[in-house]
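See below for the structure under consideration.
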Amino acid sequence: MLDEKDLQAIAQLMDLKMAQQKQEIIGELDTKLASQKKEIMGEVAALMESYFEPKFNLLADGLAAVNEKLKALPDPDLMDKMQEELDLHHQLLKLHTKEINALKKAQ
1 MLDEKDLQAI AQLMDLKMAQ QKQEIIGELD TKLASQKKEI MGEVAALMES YFEPKFNLLA
61 DGLAAVNEKL KALPDPDLMD KMQEELDLHH QLLKLHTKEI NALKKAQ
């Protein structure tokens, strides 16, 4: 029959074997989890790309259209100069109208 030392030795061997099996299982789980994580992240990236890419393209197209419209606007400095010239022409028109009216009265 087995004595106390034999039972302890068997228990130690079983503990060692169980620890080895535990490490093997943990290693396999880590490998499977890493593989699943990589696969899930790839699927998430594909979903995000298919969802966001069209929206970003529309946004970029909209911004390009706005930029084109902004380019078509006249230069503010040019507008100021044109307004000054228009004001001057308006004053000259008033002056000439007064002079014409004065000449008509003088006849």
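Reminder that position 103 of the sequence shown reads as 103 in full-length UniProt numbering, one-by-one numbering, no gaps.
Ideal Cβ placement from N, Cα and C applies to all residues, glycine included.
Next on the checklist: I need the DSSP call for Q83, collapsed to helix, strand or coil.
Outcome noted: helix
Item to check | Helix, strand or coil at Q88 [DSSP, three-state] | outcome: It is Leu, not Gln, that sits at residue 88 in the sequence shown. Residue state, collapsed to three classes: helix.
Next on the checklist: Looking at the secondary structure, which residues open and close the alpha helix (DSSP H) in which D6 lies?
Outcome noted: E4 to A72
Item to check | Backbone CA spacing between K94 and V66 [nearest angstrom] | outcome: 41 Å
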